[in-house]
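Chains as they are written, first to last, in our numbering: chain P, 68 to 376; chain C, 14 to 500.
Comments concern the structure below.
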Amino acid sequence: MSASWKQLSSQILLLLISCRHINTKTSSPTQPPLAPITPLKTDVRSIVLKGESHTEKMELVNPVNLTLECTWTGNQNKLPNITGYWRKDGEEIQNSRLSVQFHNGQYNIQQVFSIVSEENLGNYSCVFGNEAKISFILEAPQIGEERDKPIISYVGDSAVITCKMDDAKPMPNTWNWYRYNGTEKEQIFVAAEPHHYEIINKERKTRLVVHNLTEADSGLYYCGAVYAIGTTMSHVELKVITFMEPLKPFITIVVEVVVLVAAILLYERSQSKKKATAGDGTTADQKNMLPQGDDNATEGSSSMRQRKV
Amino acid sequence: MFFPLNRIMSPAPKDVLGYKPPDGGWGWMVVFGAHISIGFAYSTPKALSIFFKEIQMDLGASYSEIAWISSIMLAVMYAGGPVSSVLVTRFGSRPIVMTGGLMCGVSMATASFGSSIIYLYFCIGIIGGCGLSLNLNASLTIISKYFLVKRPLANGLAMAGSPVFLCFLAPVNQYLLARFGWRGSLLILGGMMLNCCVAGALMRPVTPPDKWTAFAPQTKVEQPNEHNTKIKRNFGRNAKKFLDLSFFKDRGFVIYLIGNVMFIFGAYAPIVFLSAYAINQGVEKYSAAYLLSIMGFVDMFIRPATGLIANSKWIRPRIQYFFSFAMVFNGTCHLLCPLIKSYAFLVVYAAFFGIGFGMVFALIFECLMDLMGSQRFPSAVGLVTIVECFPMLLGPPAAGLLVDVFGDYKYLFFMCGSVIVTGGLFLFVMNIYNYHMLDKEKAAKNNEQGQKDTENQDQAKTSEVEMEQTERNGAQQDVENAETVEI
Chain P
68 MSASWKQLSS QILLLLISCR HINTKTSSPT QPPLAPITPL KTDVRSIVLK GESHTEKMEL
128 VNPVNLTLEC TWTGNQNKLP NITGYWRKDG EEIQNSRLSV QFHNGQYNIQ QVFSIVSEEN
188 LGNYSCVFGN EAKISFILEA PQIGEERDKP IISYVGDSAV ITCKMDDAKP MPNTWNWYRY
248 NGTEKEQIFV AAEPHHYEII NKERKTRLVV HNLTEADSGL YYCGAVYAIG TTMSHVELKV
308 ITFMEPLKPF ITIVVEVVVL VAAILLYERS QSKKKATAGD GTTADQKNML PQGDDNATEG
368 SSSMRQRKV
Chain C
14 MFFPLNRIMS PAPKDVLGYK PPDGGWGWMV VFGAHISIGF AYSTPKALSI FFKEIQMDLG
74 ASYSEIAWIS SIMLAVMYAG GPVSSVLVTR FGSRPIVMTG GLMCGVSMAT ASFGSSIIYL
134 YFCIGIIGGC GLSLNLNASL TIISKYFLVK RPLANGLAMA GSPVFLCFLA PVNQYLLARF
194 GWRGSLLILG GMMLNCCVAG ALMRPVTPPD KWTAFAPQTK VEQPNEHNTK IKRNFGRNAK
254 KFLDLSFFKD RGFVIYLIGN VMFIFGAYAP IVFLSAYAIN QGVEKYSAAY LLSIMGFVDM
314 FIRPATGLIA NSKWIRPRIQ YFFSFAMVFN GTCHLLCPLI KSYAFLVVYA AFFGIGFGMV
374 FALIFECLMD LMGSQRFPSA VGLVTIVECF PMLLGPPAAG LLVDVFGDYK YLFFMCGSVI
434 VTGGLFLFVM NIYNYHMLDK EKAAKNNEQG QKDTENQDQA KTSEVEMEQT ERNGAQQDVE
494 NAETVEI
C-alpha cells in the first residue's frame with residue numbers, strides 16, 4: 068500500500084510540477100493564447116495597407132477577443148506567395164508564420180487574439196515577407212495631459228497632485244496612487260498614514276494631497292487609472308524645498324536695492340554740497356519759485372535751504 | 014503771485030510753470046527711473062497670470078476666482094489715482110515712488126505666505142494695487158516737471174517701460190516658477206519690485222537753474238510768512254477735494270476723457286482674446302502665444318519712436334490730432350482683423366496692433382500734460398485714471414460676452430475697432446472745435462486786456478474757462494518760447 072501511495076504522491080507531484088510549468092509557459096509573451104477560455108466580447112479591426120507601413124492605435128477598456136486583419140495591396144513584384152507572420156512587441160510570435168496567397172489583388176492575413184489582461188496589451192504587428200508591416204498598438208486609455216514640470220512645494224506646506232482623464236476617453240473604474248521609492252512603485256494607502264496622505268477620487272479626476280511635507284516626500288508619484296483591462300499610469304515629480312532657497316535671492320535683491328538707493332542719495336548730497344559751496348547767495352531767492360510739491364520732497368537735498376510748508 | 018496752488022495765474026506766459034524745466038541732464042536719469050516704475054506698474058498685473066494655474070491647483074479655487082487677483086490689482090491701481098495725486102502734490106514724487114515700491118515689495122512678499130484666495134486678493138490686489146498707483150502717478154508727474162521741450166520723447170521713453178518689462182518679466186517668471194514654485198516666485202518678485210525704490214531715489218526734485226532771476230525782484234516784495242499762510246490755506250482747500258470736479262468744466266479735459274474712455278473700453282479685449290482667436294482659426298498653441306510676444310516687441314520700439322516723432326516741430330503743436338490719428342489707426346487694425354485667416358497675416362496684424370497700441374500709449378499722458386499743463390496734471394491724471402477704471406474692467410468681459418452670444422470672434426473685433434475709431438474721430442473733430450473756441454476766446458481776451466488792468470483779484474473772479482485758456486495758451490506759448498530759446 069505504501070508503495071502505491073508513494074507512486075500516487077509522486078505522480079501527483081509530477082502533475083503539479085508540470086501544471087505549473089504549463090502555466091508559466093502560457094504566460095510567456097511569445098505564445099498567443101489562441102483558445103479563448105471564458106466567453107469574451109469579440110471585436111474586429113481591419114486595416115488595408117497601400118504603402119510600406121502603418122500604425123494603428125487602439126484603446127481597449129475591457130477584455131476582448133480581438134481579430135486583427137491585415138490586407139496589403141502588394142508592391143511591384145506581386146509574388147503569388149509570400150510568408151506572413153505576427154510580432155508582439157518586436158518579437159515574432161511562435162507558430163504564426165503562414166504562406167499568404169495573392170488573391171483578388173491583395174495579400175490577407177488575420178489572427179484572433181485574446182486580450183484579457185495587461186500583459187496582452189502591446190504592439191502587435193503583421194508582417195508581409197520583409198516588406199510591409201501594419202502595427203496595432205493596443206493599450207488602455209492613456210492619460211492625456213501629463214505634467215512635465217515638477218511641482219515645487221515647501222516644507223510644512225501641503226502639496227496637491229492631480230490627474231485627469233480626458234472627457235473623450237472612457238471613465239476609469241477607480242484611481243490608485245503610487246510612489247517610486249527607488250526600486251519600484253509602491254502603492255499609497257491612505258489608511259496607513261491618514262494624517263499624511265489624502266486621496267480624493269471624482270470619476271475623471273483624482274487628487275492626492277500630501278500634508279506636512281518633508282524633504283523625504285520629494286520624488287516621483289504615479290497616478291493609475293484602473294480599467295478592467297489594466298491600469299494606465301501618469302507620473303508627476305514633487306520637489307520639496309525649504310524656505311531658505313527663495314529667501315537667499317530675495318535678500319540679495321534687497322541688499323542691492325539698499326546699496327543703490329544709498330549710493331544715489333549720497334551722490335546727490337555730495338553734488339549739492341559742491342553747488343552750495345560754489346555759489347550760495349543767489350540760490351536763496353530761487354526757492355520762491357520752486358513748485359510747491361517739490362519742497363518737502365527729500366531729506367537728501369537738505370543742504371539747500373528749503374521752506375518747510 | 015504765480016504759485017501753482019494759488020491757482021492765480023499771472024498774465025506773463027512763462028509764469029505758468031514758474032521756472033524753465035531742465036529738459037535734459039539729470040532728467041534722463043529721471044526718465045530711466047520713471048521707465049522702471051511705469052514698467053512695473055503696467056506689466057505686473059499681466060505677468061502675474063503665469064502663476065495662476067499653480068495657485069489655482071494649490072488653493073483649490075476656480076480660474077475666474079484667481080483671475081480676479083489681476084483685475085483687483087488693476088482696478089485699485091487706477092482707482093487710487095486721486096489719492097495718489099494729492100500725495101504727490103503734497104510730498105513730491107520721490108517719497109511717493111519709494112513708498113509705492115516698498116508697498117509693492119511687501120505686498121508680494123506677504124502674499125507668498127498666503128493660504129486663502131481672499132488673503133491674496135488683499136495682499137496682491139489691494140496693497141499691491143495701491144503701491145502701483147502711487148508709482149504710476151508720481152512717475153508721470155515728475156516727467157512733466159523735468160521736461161517741456163523734449164517732453165513727448167521723455168514720455169515715450171518712460172511709457173516704453175510697460176512692454177519692456179512685460180517681455181522681461183514673462184520668461185523670468187516662468188523660470189522662477191519652475192525653480193521655486195509660486196510662493197518663492199512671489200517672494201522674489203516682491204524683491205524685484207523693491208527696485209522701484211531705486212527708481213524713486215533717482216527722482217530728484219527739480220531745482221531751478223541759477224540764471225533764472227528775471228522775476229526775483231517781484232518776489233522780494235511779498236513777505237515770507239504771507240507766502241506760507243497762502244500756501245497752507247490753498248493746500249487745505251484743495252486737499253479736501255480729492256476729486257476735483259472743477260476739471261469737468263474744462264472743455265478740453267472732458268473731450269480728452271470721453272475719447273480715452275472709448276479707447277480703453279476697446280483696447281484690452283483684443284489682447285486678452287488674441288491667442289484664443291488664433292487657436293480658433295486653426296493656429297497651433299505656441300504660435301498663437303508668439304503673436305502677443307510680437308505685439309509686445311513691436312510696442313517696445315514704437316513708443317520711444319512715437320515720442321520722437323511727436324517731439325518734432327511739425328507734430329508737436331498738433332499733438333492732439335496725432336493722438337486721434339493713432340487711435341483711428343489702432344481701431345482700423347481691429348476692424349480689418351476678422352478678414353484675416355492665415356497665420357502669416359495674423360503676424361502682420363499683431364505687428365500693426367503693436368504699432369497702433371504703442372503709438373496711443375506713448376501719447377496718452379503726453380496729451381493730457383499738453384492740455385492741462387504741468388501744475389494741474391497730477392490732479393487731472395488722478396481723475397482720468399479713476400474714470401478709466403470702469404471701461405477697463407468692463408471692456409474684456411463685454412467682449413467675452415459677445416463671443417459667447419454670437420460664437421464668433423469677429424464681432425469682438427468689430428466692436429472694439431468701431432469703438433476705438435469712433436473715439437479717435439470724436440477726439441479729432443472735437444479738438445478742431447476746441448482749438449477754434451480757444452482762439453476765439455483768446456482774441457476776445459486780448460481785446461479786454463488792452464482795455465483794463467489785470468490784477469490778481471480780477472483774475473480770481475474770472476470764470477474757470479478763461480483761466481484754463483490762459484493756462485493753455487501759456488503752456489503752448491511756453492513751448493514755442495522754449496523751443497526758440499533752444500534753437
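The beta-carbon is built from N, C-alpha and C at its ideal position, and this holds for glycine as well.
Since the structure is predicted, the reported quantities are computational estimates derived from the model, not experimental observations.
Indicate the three-state DSSP secondary structure (helix, strand or coil) for His347(C) in the structure shown. Taken through DSSP and simplified to helix, strand or coil, His347(C) comes out as helix.
Entirely enclosed alpha helix (DSSP H) segments - the region 64 to 139 of chain C, minimum 4 residues: 65 to 72, 76 to 92, 94 to 104, 106 to 124 and 130 to 133
Would you list the one or two residues that DSSP bridges to Asn132(P)? Thr109(P) and Ser181(P), per the DSSP bridge assignment.
At the 9 Å Cβ level, is Asp234(P) part of the contact set with chain C, yes or no? no
May I ask you to verify whether the region 98 to 107 of chain C touches the region 200 to 220 of chain C, counting CB pairs closer than 8 Å and requiring at least 3? yes
Would you mind sorting Asp378(P) into buried or exposed? The rule is 16 or more other CB atoms within 10 Å of its CB. Because residue 378(P) is not part of the residues shown, which for chain P are 68 to 376, the question remains open.
Look up Thr299(P) in the DSSP assignment and say whether it is helix, strand or coil. strand
Helix, strand or coil at Glu282(P) according to DSSP, with G and I counted as helix: helix
Does Met205(C) pass the burial test, meaning 16 or more other C-beta atoms within 10 Å, or should it be called exposed? buried
Are Thr150(P) and Val179(P) touching if we call contact CB-CB under 9 Å? no
Return the CA-CA distance between Leu116(P) and Ile85(C), expressed in angstroms with no decimal places. So the alpha carbons of these two residues sit roughly 59 Å apart.
Give me the DSSP bridge partner(s) of Thr241(P). Val293(P)
Give me the subset of the region 255 to 267 of chain P whose CB atoms are less than 7 Å from a CB atom of chain C, sorted by chain position. none
Mind listing, in chain order, the continuous beta strand (DSSP E) runs of no fewer than 3 residues lying wholly within the region 150 to 230 of chain C? none
Against chain C, which members of the region 303 to 336 of chain P pass a CB distance test of less than 9 Å? Lys306, Ile308, Phe310, Glu312, Pro313, Leu314, Pro316, Phe317, Ile318, Thr319, Ile320, Val321, Glu323, Val324, Val325, Leu327, Val328, Ala329, Ala330, Ile331, Leu332 and Glu335
Just to make sure I have the definition right: I need the residues of chain C whose C-beta is within less than 7 Å of the C-beta of Ser220(P). Which are they? Gly194
Using 10 angstroms around the beta-carbon of Ser98(C), count the other beta-carbons present and answer buried if the total reaches 16, otherwise exposed. In the assembly as shown, Ser98(C) is a buried residue. Its beta-carbon has 16 or more other beta-carbons within 10 Å.
7 Å Cβ cut-off: residues of chain C touching Lys272(P): What Lys272(P) touches in chain C: nothing, since even the nearest Cβ is about 12 Å away.
Cβ shell of Gly436(C) (< 7 Å), same chain only, five flanking positions each side left out: Gly272, Met275, Phe276 and Met340
Residue of Met232(P), Thr281(P) and Asn144(P) minimising C-alpha distance to Val307(P): Thr281(P)
Which of the residues in the region 203 to 214 of chain C, read from start to end, lie with their CB under 7 Å from any CB of chain P? Gly204, Met205, Leu207, Asn208, Cys210, Val211 and Ala214
Starting from Ala226(P) and walking both ways along the beta strand (DSSP E), at which residues does that stretch end? Looking at the DSSP string, the run of the beta strand (DSSP E) that includes Ala226(P) is Ala226 to Lys231.
Does the beta carbon of Asp71(C) come closer than 9 Å to any beta carbon on chain P? yes
Contact set for Thr154(C): own chain, Cβ-Cβ below 6 Å, skip 5 residues either direction: Excluding the 5 residues flanking it on each side, Thr154(C) has same chain C-beta neighbours closer than 6 Å at Val101, Ser106 and Pro391, in chain order.
What number of angstroms, rounded off, separates the C-alpha of Tyr32(C) from the C-alpha of Leu348(C)? Straight-line measurement puts the Cα of Leu348(C) at about 46 Å from the Cα of Tyr32(C).
Can you check which of these residues, Lys315(P), Leu127(P) and Ile266(P), is closest to Gly189(P) by C-alpha distance? Leu127(P)
Along chain P, which residues have their Cβ under 8 Å away from the Cβ of Arg164(C)? Under the 8 Å cutoff, chain P gives no residues; its nearest Cβ is about 15 Å from Arg164(C).
Quick one: residues in its chain with C-beta nearer than 7 Å to the C-beta of Leu406(C), no 5 flanking neighbours on either side, listed in chain order? Ser84 and Ala88
Along the beta strand (DSSP E) that carries Asn268(P), what are the first and last residues, could you check? Tyr264 to Lys269
Closer than 9 Å to chain P by CB, Gly420(C): no
So, using beta-carbon positions, are Met313(C) and Ala364(C) closer together than 9 Å? no
Under a CB-based cut-off of 9 Å, is Ile201(C) close to chain P? yes
Quick one: give me the first and last residue of the alpha helix (DSSP H) that Thr250(P) is part of. Taken as a continuous stretch (DSSP letters only), Thr250(P) belongs to no alpha helix (DSSP H), as it is neither H nor E.
Find the nearest neighbour of Cys136(C) within the set Gly93(C), Ser120(C) and Glu401(C), judged by alpha-carbon distance. Ser120(C)
Would you report the Cα separation of Leu376(C) and Leu327(P), rounded to the nearest angstrom? 31 Å
How about Leu305(P) and Val325(P): are their beta carbons less than 9 Å apart? Between Leu305(P) and Val325(P), the CB-CB gap reaches or exceeds 9 Å.
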